[in-house]
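Colleague:
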Amino acid sequence: MPAKRTPKPEGFHVADSPFSALYETGRVPSVQETKMIQELLVEKKAYLAHLNSKVPKRRTGKKFPRELRLQLDYTRRFIKFHQALIAPWRRLPVEIMSEIFLFTLEVDDDKYWDDDRWGTLLVCKICSAWRAIALRTPSLWNV
Numbered sequence: 002m003p004a005k006r007t008p009k010p011e012g013f014h015v016a017d018s019p020f021s022a023l024y025e026t027g028r029v030p031s032v033q034e035t036k037m038i039q040e041l042l043v044e045k046k047a048y049l050a051h052l053n054s055k056v057p058k059r060r061t062g063k064k065f066p067r068e069l070r071l072q073l074d075y076t077r078r079f080i081k082f083h084q085a086l087i088a089p090w091r092r093l094p095v096e097i098m099s100e101i102f103l104f105t106l107e108v109d110d111d112k113y114w115d116d117d118r119w120g121t122l123l124v125c126k127i128c129s130a131w132r133a134i135a136l137r138t139p140s141l142w143n144v
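According to this note's numbering, the sequence shown holds residues 2 to 144 in order.
Next comes the structure, spelled out in structure tokens:
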């Protein structure tokens, strides 16, 4: 069981992660780093299950303690952040990502966007890594 630590009221921050440099640089984690992140996730998921077991059931009438709510939120965000670091798309070559982005332009449906460039702009808003790839793909902008 991880050491008991009260999370900051404002929640999880990238700086709280031992792998914050991966996020800040957009670098793909090495095989060893991926293994370490996976091990960390196993620990945090077990801790989340422990926290969830402490959540009062609605029928009991017990109050949901603020500290428990903060710990749950912090742990969920921590897990989500680290899952994103080892997401499979991060290992895709830039060329493949560019091709995938080009397919977003081929969606011919007004319910998604009314301007052909809107799809490109949406891709640019996902994260800095996707924005960098989109900006280096001139054919996305030649609509």
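C-beta atoms are modelled at their ideal positions from N, C-alpha and C, and glycine is treated no differently.
#1: Given a threshold of 16 other Cβ atoms within 10 Å of its Cβ, counted over all protein chains shown, does Ile87 qualify as buried or as exposed?
#2: Indicate whether Leu41 and His83 have their beta-carbon atoms separated by less than 8 Å.
#3: Measuring CB to CB, does Leu1 end up less than 8 Å from Leu71?
#4: For Trp131 and Arg59, what's the separation of their Cα atoms in angstroms?
#5: Leaving out five residues on either side along the sequence, give the residues of the same chain with a beta carbon under 6 Å from the beta carbon of Leu123.
#6: Which word fits Ile134, buried or exposed, when buried means at least 16 other C-beta atoms lie within 10 angstroms of its C-beta?
#7: What does the alpha-carbon distance come out to for the pair Glu100 and Arg92?
#8: In this structure, how does DSSP classify Asn143 when only helix, strand and coil are distinguished?
#9: With His51 as the anchor, note down where its alpha helix (DSSP H) starts and where it stops.
#10: Going by other Cβ atoms of all chains shown within 10 Å of its Cβ, with 16 needed for buried, is Leu136 buried or exposed?
#11: Does the Cβ-Cβ distance between Lys126 and Phe79 come in under 8 Å?
#12: For Thr76, which residues of its own chain have a beta-carbon under 7 Å away from its beta-carbon, when the five flanking residues on both sides are left out?
#13: Report the three-state DSSP secondary structure of His14 (helix, strand or coil).
Modeller: Once the coordinates are examined:
#1: buried
#2: yes
#3: Residue coverage of the chain in this structure runs from 2 to 144, which leaves residue 1 outside it and unanswerable.
#4: 42 Å
#5: none
#6: buried
#7: 15 Å
#8: coil
#9: Val32 to Lys55
#10: exposed
#11: no
#12: Lys45, Tyr48, Leu49 and Leu52
#13: coil
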